[in-house]
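Its first residue numbered 12, the sequence shown is counted upward by one per residue in my numbering.
Cβ coordinates follow ideal geometry from the N, Cα and C atoms, glycine included.
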Amino acid sequence: MNLARFFDPDLIDLNLEAGTKYEAVELLTSLFCGKYQEKDKNVILKAVMDREEIGSTSFGRGFAFPHARTDAVSDLYIVFGVCKAGIKSEAPDGIPLKVICLLLTPRNISRLYLQTLSGLANFARRPGILDEIAGVSSTEELLAMIERTSIRVEKALTVADIMSEKTPIVSPDDTLKKVANLMFKHKIDGLPVVDKNGRVVGEISEKELLKFALPDYESFIANMANLPELEPFEDLLRQEDKVRVKDVMDKEPAIVSRESQVVEAAALMLFKDVDRVMVVHDGKLLGMVSRSDIVSKIIRG
12 MNLARFFDPD
22 LIDLNLEAGT
32 KYEAVELLTS
42 LFCGKYQEKD
52 KNVILKAVMD
62 REEIGSTSFG
72 RGFAFPHART
82 DAVSDLYIVF
92 GVCKAGIKSE
102 APDGIPLKVI
112 CLLLTPRNIS
122 RLYLQTLSGL
132 ANFARRPGIL
142 DEIAGVSSTE
152 ELLAMIERTS
162 IRVEKALTVA
172 DIMSEKTPIV
182 SPDDTLKKVA
192 NLMFKHKIDG
202 LPVVDKNGRV
212 VGEISEKELL
222 KFALPDYESF
232 IANMANLPEL
242 EPFEDLLRQE
252 DKVRVKDVMD
262 KEPAIVSRES
272 QVVEAAALML
282 FKDVDRVMVV
292 HDGKLLGMVS
302 RSDIVSKIIR
312 G
């Protein structure tokens, strides 16, 4: 279904006057409750701001997608506001917010909620989209513009809806020192290994680093009283500039396509006892989905 079909002309404000993101959310909540007067504004506003406290929904590119899954509503609603003056916010790229899109959904339709959020994010990524929005003078023009983008919200929840595209990578010839530095810098515990042609050839995670440091870990477990203290890790530190990724990486990473359903990716992680799957097309890396992606984006929202 085209993304435009999820918009209600009555829930669009092309002249939102707000000085802060909170004010914008409050005005959009009021707009929603003005049409659906049986809804409890305070309950909805609290749900949205509780979600905001967990992590900012400012997307960047001048967009924010405050949202909440709450039993205060029984269907999915998009409340769309355009603040032409811009709102200074904690956006990742520092661009003032000009489009605030409030997404409300009940707890029991997380699939549709996430796919709609993904569609809105794709809309925000369109080059020049802020200028196009600023140029519309009516809700009809806005909806026609959104329809022309041909962004669709599909029925099945796929890996493409939740994958992380900006994934740091390493090559087979990189050192373990580089691996450890990237893991520390990006606060992740695993990296795709990609060759010079962009093809995925493996994965290296904290598990592989620990296995390299403790190749005889099974015998250590059998003789707990004689465990060395830090000696194995000191050996790893002495060799981190010499040992290459290809010498320790997992050469059979878990791989899915962007069209794979999220439940398939989750089942594969559990079956292979891994924390992430690589999203690949024609052998080349598109992104990555981790257990934490599924928990934070689907279960937590």
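Item	Value
Counterpart residues of S268 in DSSP-defined beta bridges	Answer is none; S268 lacks a bridge partner.
Candidates R118, L27, V110: closest to E143 by CA position	V110
Straight-line Cα distance separating V291 from A171	11 Å
I111 (DSSP reduced to helix, strand or coil)	strand
Buried versus exposed, by CB contacts within 10 Å (16 or more), T31	exposed
For V211, the nearest candidate out of K189, I65, V267, L225 (CA to CA)	V267
Euclidean distance between Cα positions of F74 and V256	39 Å
Of the residues L187, S301, L123, the one placed nearest L279, counting alpha carbons only	S301
Between the CA atoms of S69 and D286 - distance to the nearest angstrom	27 Å
Proximity winner among R163, M156, E263, relative to S129 (alpha-carbon distances)	R163
Length at least 4, wholly inside the segment 184-234: the alpha helix (DSSP H) runs in chain order	187-197, 217-224, 228-233
Span of the alpha helix (DSSP H), counted from its first residue to its last, around G45	32-46
Close Cβ partners of E158 (< 6 Å) along its chain, the five nearest in sequence each way excluded	N13, A15
N-terminal and C-terminal residue of the beta strand (DSSP E) that K95 is part of	88-98
Backbone secondary structure at V273 - three-state DSSP	helix
Counterpart residues of S175 in DSSP-defined beta bridges	M299
Under the three-state DSSP convention, the category A29 falls into	coil
Inter-residue Cα distance where the pair is L220 and A276	24 Å
Cβ separation of P117 and V90, assumed to be a contact under 8 Å, to the nearest whole Å	That belief does not hold up - the Cβ atoms of P117 and V90 are roughly 15 Å apart, past 8 Å.
For V181, three-class secondary structure by DSSP	strand
Outcome for L241 when other beta-carbon atoms lying within 10 angstroms are tallied against a minimum of 16	The predicted position of L241 is uncertain, since its pLDDT is 46 and thus under 50; a value taken from the coordinates is nonetheless stated next. Result: exposed.
Given A265 as reference, the closest of V254, D184, G294, G97 once Cα atoms are compared	G294
Cut-off 8 Å between Cβ atoms - residues of its own chain near D82, not counting five sequence neighbours on either side	P117, R118
Which of helix, strand or coil DSSP assigns to D252	coil
Where T160 sits in the DSSP three-state scheme	coil
contact_flag[the segment 47-57, the segment 192-208] where n(CB pairs < 8 Å) is 3 or more	no
Three-way DSSP call (helix, strand, coil) for E69 in this model	Per the sequence presented here, residue 69 reads as Ser, with Glu not at that position. S69 falls in the strand class under three-state DSSP.
Short Cβ contact (8 Å threshold) for L153 with L25	yes
CA-to-CA distance, E28 to A96, given in whole angstroms	8 Å
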